[in-house]
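Q:
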Amino acid sequence: MIRPQYHFRWIDGQLHSWDIRKLVRLAEDQPVIDVALDDIKEINEPYWFGKGGDIPTCNRIMEHAKQVEETNLSYPILLCSEGRVMDGMHRIMKAHGLGHVTIKAKRLLKTPPPDNIGKTPNQLSYDP
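In my numbering, the protein residues as written are 2 to 129.
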């Protein structure tokens, strides 16, 4: 079972979020494809930070480093219909750190509407 988590994206000045569990269910029937790590723009963006209060303190960076180390590359990442990352950045960074040139992915045919608009990560439920 996937722990409650969200994908966040700024759109027109508002923070949008999607429930990852719902996105994974939507992608169940999509084929697994290989995506070049060089094509993933988020590798060079502040992906985990700047979304409503989370700042890159040393402790927060180490928390992400631990997640990268512990993540399982057997699960494909999830891309929206435009090819942007919706789930799997820790897996992407693990693959990148190991010198891989591609990663397994599923791509949604259509990006669903967000589950929330205008809520920061601290305002969302993380209860199982």
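Heads up, the beta-carbon is just placed ideally off N, CA and C, and yes, glycines get one too.
What you are looking at is a predicted structure, and each value in this text was computed from that prediction instead of being measured.
Just the C-alpha distance for Pro122 and Met63, rounded to the nearest angstrom, thanks.
A: The straight-line gap from Cα to Cα measures roughly 19 Å.
Q: Report the rounded CA-to-CA distance for Glu43 versus His8, giving the unit in angstroms.
A: The alpha-carbon atoms of Glu43 and His8 are separated by roughly 13 Å.
Q: Name the two residues that bound the continuous beta strand (DSSP E) containing Leu80.
A: Unbroken beta strand (DSSP E) run through Leu80: Ile78 to Leu80.
Q: How many angstroms separate the CA atom of Lys95 from the CA atom of Glu29?
A: Distance between the alpha carbons of Lys95 and Glu29: 23 Å.
Q: Roughly how far, in whole angstroms, is the beta-carbon of Leu24 from the beta-carbon of Ile93, given that I think they are within contact range, below 8 Å?
A: Not confirmed; about 16 Å, so no contact.
Q: What are the boundary residues of the alpha helix (DSSP H) that includes Arg61?
A: Arg61 -> alpha helix (DSSP H) spans Cys59 to Glu71.
Q: Whose C-beta lies closer than 6 Å to the C-beta of Arg108 among residues of the same chain, with five residues either side of it excluded?
A: Leu80, listed in sequence order.
Q: Could you tell me the alpha carbon to alpha carbon distance between Arg4 and Arg61, rounded to whole angstroms?
A: So the two alpha carbons sit approximately 19 Å from each other.
Q: What does Leu125 pair with, by DSSP beta-bridge criteria?
A: None; Leu125 has no bridge partner.
Q: Shortest alpha-carbon distance to His101 belongs to which of Asp35, Arg85 and Asp88?
A: That would be Asp35, whose Cα lies nearest to the Cα of His101.
Q: So, with DSSP's three-state summary, where would you put Ile118?
A: If DSSP states are grouped into helix, strand and coil, Ile118 belongs with the strands.
Q: Short of 7 Å in beta carbon distance, which residues of its chain neighbour Ile104, apart from the five on each side in sequence? Order them along the chain.
A: These residues qualify, in order along the chain: Val36, Leu38, Ile78, Arg92, Ile93 and Ala96.
Q: Between the alpha carbons of Cys59 and Trp49, how many angstroms are there, rounded?
A: Cα to Cα, the separation comes out at about 13 Å.
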